[in-house]
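**Q**
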Amino acid sequence: MAARNLEKMASIDAQLRLLAPGKVSEDDKLIEYDALLLDRFLDILQDLHGEDVREFVQECYEVAADYDGNRNTEKLEELGNMLTSLDPGDSIVVTKSFSNMLSLANLAEEVQIAYRRRIKKLKKGDFADEASATTESDIEETLKRLLQLNKTPEEVFDALKNQTVDLVLTAHPTQSVRRSLLQKFGRIRDCLTQLYAKDITPDDKQELDEALQREIQAAFRTDEIRRTPPTPQDEMRAGMSYFHETIWKGVPKFLRRVDTALKNIGINERVPYNAPLIQFSSWMGGDRDGNPRVTPEVTRDVCLLARMMAANLYFSQIEDLMFEMSMWRCNEELRVRAERQRCAKRDAKHYIEFWKQIPANEPYRAILGDVRDKLYNTRERARQLLSSGVSDVPEDAVFTSVDQFLEPLELCYRSLCDCGDRPIADGSLLDFLRQVSTFGLALVKLDIRQESERHSDVLDAITTHLGIGSYKEWSEDKRQEWLLSELSGKRPLFGPDLPKTEEVADVLDTFKVISELPSDSFGAYIISMATAPSDVLAVELLQRECGITDPLRVVPLFEKLADLESAPAAVARLFSIEWYRNRINGKQEVMIGYSDSGKDAGRLSAAWQLYKTQEELVKVAKEYGVKLTMFHGRGGTVGRGGGPTHLAILSQPPDTIHGQLRVTVQGEVIEQSFGEEHLCFRTLQRFTAATLEHGMHPPVSPKPEWRVLMDEMAIIATEEYRSVVFKEPRFVEYFRLATPELEYGRMNIGSRPSKRKPSGGIESLRAIPWIFAWTQTRFHLPVWLGFGGAFKRVIQKDSKNLNMLKEMYNQWPFFRVTIDLVEMVFAKGDPGIAALYDRLLVSEELQPFGEQLRVNYQETRRLLLQVAGHKDILEGDPYLRQRLQLRDPYITTLNVCQAYTLKQIRDPSFHVKVRPHLSKDYMESSPAAELVKLNPKSEYAPGLEDTVILTMKGIAAVMGSGKERDTFVYLAKLSEQAERYEEMVESMKSVAKLNVDLTVEERNLLSVGYKNVIGSRRASWRIFSSIEQKEAVKGNDVNVKRIKEYMEKVELELSNICIDIMSVLDEHLIPSASEGESTVFFNKMKGDYYRYLAEFKSGNERKEAADQSLKAYEIATTAAEAKLPPTHPIRLGLALNFSVFYYEIMNAPERACHLAKQAFDEAISELDTLNEESYKDSTLIMQLLRDNLTLWTSDISEEGGDDAHKTNGSAKPGAGGDDAE
């Protein structure tokens, strides 16, 4: 990089390093990656648009950073004046620059988090073998943890192979980034990863750097704005692209990893290929609730398109399989089939490979060749039906069922096993079988979703035509009576003469399409806004009347608070109907909606009602002997029920999952769940592991007094939320002025309208734009409104309730998850930014109302921290706080730009002084004319609409991004409270595998977890050792033998624990330690665990463990003396443990005393320099040192020094004071 460019970079880079906490070293990967990407981007910006634009961008960054540092609102006005002074062309360039820089900052963070894992992935060839397919949340660790909880390997295997996780992909429009950009971002991510790989040659580095710059420029030059709304078919193609790119290959690789995990716990069977561990469904082209663009024709098209894509994926893979299946040995069944097919074959299709007739001595290829031909025909038939509605490919030449497809593949598998070729069978053929079992012929099963009122309209048209009255005016009892009467009969209800409105015809035509397409194309029929049994029976009747021979399962969706409250009673009434119980055959699915319930009552009330509703639904199902599957309609954002996957599953009520889980994967999070192969693997692993763990080891139930308090708070929270959102007459006008809700529809990020109905207020507004609008202003009102009022009232009522709330936070997973997610939202919020929108966009009469809301925001924030026991937001995770701070200047600039641009759009009288053109790109032409060409339909001044849309996309991209590290830390804290230390260790290992330096809190959590895991075993070993000596004295050889066998088991557990922590220390923690404190801590920890090994090992193994312990302690001591003061608790703890090592393991009491006395004397001389907090920790360890000195000097005087001490053999473990952790 030229000196000029580095000089230009200095300003932003200085801000980055200023924001970084002192413990983050200068070579911190996040800073390094971020600086590199910014450097490259600013060079490109200068090359394209000139030095003036680059300087302006840097100046904006600095002003925004000043505001974020001290919250001086004058800086917002200064920044606003700068941005509004730009002409339309420059405004778009600057806005695009900040949007791109924010995206690059996100990419830098992703690469930093996955740094070590990605390096290993590249070296091993993209998970080339199942042993290398590992992620932060290992399925193997979950299986081992369940064994430690006294589950047998057979119980775990049985539960695993019978569980099902069905991931339902939706076309959710809040994935605001275009697919073209997502692909470019993926390539930038790959280039950045490879640039920092080890052993990269200079030529490779130069070429990668050039590729990186090329992709950054390509992303910058790509129009971020969708100029037309996507069609449902477009949404479906975008969603299906993830199957082609990651999911298709990701599923068999993940299942191989499960096989390996099972083998490692003693199960020598593979997961059966037809075990339904992972299933995929879709709403893309089937979700017609409030979306008139999803027509029956669209549903037909997406089903045929999915079938064509599935056949194409199989077809592209079958020849690879044919290459592998070159064996000539086969069983008699396959030999006869192959010969029959060879003789019957009269025509040969022409392919790139195997285009001639397959030799007779290759029977497997003959069988698979026929499969290939049918796949070709299957693909062609779907393509022809999709393009013209008819096909000349006969049905008997294609696969029409999964069983038909599986049969020849199963024959090949059996034959290979019969001939002793099981390892070959368990290779690519098994992968192919698993793909067929998972994806079928339809690739994904399409759910149909429709609002209950639309079915009532159809039935009303029918009853009116029959002259028996208006169905819509009937009572629920009369509706049920008539529906059951018709369901029990056989007469058709209506004929072609039925008068139909457009809406009625649409519903009936949808059922007709379902009847015409293969039944395996469809999953569930979901009824939104369901309230009563008649809603379900109506769909059952319409399916029968429209000739659906294999009816879809009918799933009621309960969304609003009142519907959730009445859901258990409604389902109980449904189960009480004998006809319906016979219909469902003991199985029922119920969907609960997170988005609309939150919009209806607020986050706190909705979360609690969802929890209680699930509990009650499970009770109802058990009463009627029905197996219930809960379908969770979770959004991607916290306001719509989103949050970390693992937390969400493990915080569900006990007994509500039981190995069956359906959950939506919203469009806004599909990219971060399946965008790359390792992300796909991690997603499948997390869902599978969490579902298994919840089923086999469910979370604790809340105490009765907690329930009472939650009920009381929910009532208060609902009252406060609704008093503002629905009853306050000023609210609707304020909401529409203070947020970009009115402009949301211009983003073209989805095919669905933003409202369920074309008119109406907040009630008709969908949850997506409702949350989106508040997220844009960083006020997040739907998430926190109601919490503050509830906390305040219950604490004022009884001050003891504050302690109970703290107890709930510390002991109840559901409550803690709820509070922590809201705290995360507060970390991203900024009432100062919201106030800017108010000042610019809200009328003077409404501004006091906005100020009241901001006072409520601050009060809620204060109370939330009080309940959580925190002094500040994210106080336990300074690293995450740093990551958020690094992004703030970008988001602040986009916020200010958005607010001022909205002012220009909405207030034509708002005039600004425009500076001369900055960008050389627009010097030679008319910028206004160019912008009008780009967006000719805009009703605003040139450039304004594009500018505001760019700001929306930039802000949305960062506000919705998920975090991993804080999730693992939270799980560790949760496990500690529940005294589940094995799980605590697994969570902290996941943090360690992120290859980052741990915070003080994280180090302590790791240490406490391992100390408790190994502590019980060390205590057991000592007890057994003592008992063994007593039995030996008695001459009881039988008991001595039994004790030794038991001790061997404990010793094996101790060895495994020590080996485990040693690998974590050597591979992750020690290499990632960026400061002296961490280096000392982790090397001390390494010395401790080698010392624990030496306690029970003997002979050469004991000597090797002792040597390694000594080496680690010496490294830690050297680092401590150079970098830590004598009074530092970690240095003192090291001295304590090192001295214990000399006394217990090396049998050198004089050396132990020397170390302890030296550390004590050095610390005592500087004791007066300690602050109050450190004083307590340091003096506690100093007291242990003094106690040990007293004990050991007494022993030395009695026994006569080191030599005499050695003649007595090994010292008993524990002869010295406790370890310092």
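In UniProt numbering, the protein residues as written are 1 to 1221. Built from N, CA and C at the ideal position, the CB exists for glycine as well. Please read these numbers as outputs of a predicted model, since none were measured by experiment.
Under three-state DSSP, which class holds Met-630?
**A** strand
**Q** Does the Cβ-Cβ distance between Leu-411 and Val-436 come in under 8 Å?
**A** no
**Q** How big is the Cα-Cα spacing for Leu-433 and Ala-310?
**A** One C-alpha to the other measures close to 14 Å.
**Q** In the DSSP assignment, find the unbroken alpha helix (DSSP H) run with Asp-447 in it and report its ends.
**A** Note, Asp-447: premise wrong, no alpha helix (DSSP H); beta strand (DSSP E) at 445-451.
**Q** Hey, how far is the Cα of Arg-40 from the Cα of Gln-213?
**A** Cα to Cα, the separation comes out at about 6 Å.
**Q** Is it the case that the Cβ atoms of Val-444 and Ser-605 are separated by a distance below 8 Å?
**A** no
**Q** Label Ser-1007 either buried or exposed according to how many other C-beta atoms from any shown protein chain fall within 10 Å of its C-beta, with 16 as the threshold for buried.
**A** buried
**Q** Within its chain, find whatever has a CB closer than 8 Å to the CB of Arg-736; leave out the 5 residues flanking it on each side and keep chain order.
**A** Leu-742
**Q** Using three-state DSSP, classify Val-669 as helix, strand or coil.
**A** helix
**Q** Look at the alpha carbon of Glu-224 and the alpha carbon of Leu-894, and state the distance between them as a whole number of angstroms.
**A** 15 Å
**Q** Closest by CA to Gly-1087, which one among Ala-1105, Ala-689 and Ser-1098?
**A** Ala-1105
**Q** Check this for me: beta carbons of Leu-368 and Ile-318, under 8 Å apart or not?
**A** For Leu-368 and Ile-318, yes; Cβs fall inside 8 Å.
**Q** In this structure, does DSSP put Glu-332 in helix, strand or coil?
**A** helix
**Q** Going by DSSP, name the residue or residues bridged to Glu-1031.
**A** Paired residue(s): none; Glu-1031 is not in a bridge.
**Q** For the stretch 726-740 against the stretch 677-686, are there 3 or more C-beta pairs whose distance is under 8 Å?
**A** Under the 8 Å Cβ criterion, the stretch 726-740 does not count as touching the stretch 677-686, having fewer than three qualifying pairs.
**Q** Would Gln-163 pass as a contact of Glu-982 if the rule is Cβ separation under 8 Å?
**A** In this structure, Glu-982 does not lie closer than 8 Å to Gln-163 by Cβ.
**Q** Can you tell me where the beta strand (DSSP E) holding Ala-524 begins and where it ends?
**A** 522-528
**Q** At what residues does the alpha helix (DSSP H) containing Asp-166 begin and finish?
**A** Asp-166 -> not in any alpha helix (DSSP H); beta strand (DSSP E) instead, spanning 164-169.
**Q** Is Ser-1007 near the ligand COA - that is, is its Cβ less than 7 Å away from at least one heavy atom of it?
**A** No copy of the ligand COA appears in this structure; indeed no ligand is present at all.
**Q** Rounded C-beta distance between Thr-818 and Leu-561? I'm assuming under 8 Å.
**A** About 16 Å separates the Cβ atoms of Thr-818 and Leu-561, ruling out a contact at the 8 Å cut-off.
**Q** Using only alpha-carbon positions, find the residue among His-49, Thr-400, Thr-378 and Leu-104 that is nearest to Val-393.
**A** Thr-378
**Q** Do you know offhand how far Ala-35's Cα is from Gln-112's?
**A** 12 Å
**Q** Check whether the Cβ atoms of Ala-738 and Val-842 sit closer than 8 Å, and answer yes or no.
**A** yes
**Q** What do you get for Thr-463, buried or exposed, if any count of 16 or more other CB atoms within 10 angstroms of its CB means buried?
**A** buried
**Q** Keeping to the same chain, check which residues put their C-beta closer than 8 Å to that of Val-700; ignore five residues upstream and five downstream.
**A** Pro-654, Gln-811, Trp-812, Pro-813 and Ala-978
**Q** Three or more beta-carbon pairs under 8 Å between the stretch 547-558 and the stretch 474-481, yes or no?
**A** no
**Q** Can you tell me whether Glu-269 is buried or exposed, with buried defined as 16 or more other CB within 10 angstroms of its CB?
**A** With fewer than 16 other Cβ atoms within 10 Å, it is exposed.
**Q** Would you kindly report the start and end of the unbroken alpha helix (DSSP H) that includes residue 1283?
**A** The question about residue 1283 has no answer, for the chain in this structure spans 1 to 1221.
**Q** Are Thr-951 and Thr-892 closer than 8 Å when you measure CB to CB?
**A** no
**Q** Pick out whichever of Arg-881, Cys-897 and Asn-801 has its Cα sitting closest to the Cα of Tyr-837.
**A** The candidate whose alpha carbon is nearest that of Tyr-837 is Cys-897.
**Q** At the level of alpha carbons, what is the spacing between Ser-1178 and Leu-661?
**A** 50 Å
**Q** If distances are taken between C-alpha atoms only, which option among Ala-218, Asp-320, Asp-431 and Tyr-67 comes closest to Trp-248?
**A** Trp-248 has its Cα closest to that of Asp-431, out of Ala-218, Asp-320, Asp-431 and Tyr-67.
**Q** Among all the DSSP beta bridges, which residues are the ones paired with Thr-664?
**A** Val-168
**Q** Starting from Phe-280, trace the beta strand (DSSP E) in both directions and tell me its first and last residue.
**A** 278-282
**Q** Helix, strand or coil: which one does DSSP assign to Glu-589?
**A** strand
**Q** Could you check whether Glu-476 and Ser-534 sit closer than 8 Å to each other, using their CB atoms as the reference points?
**A** yes
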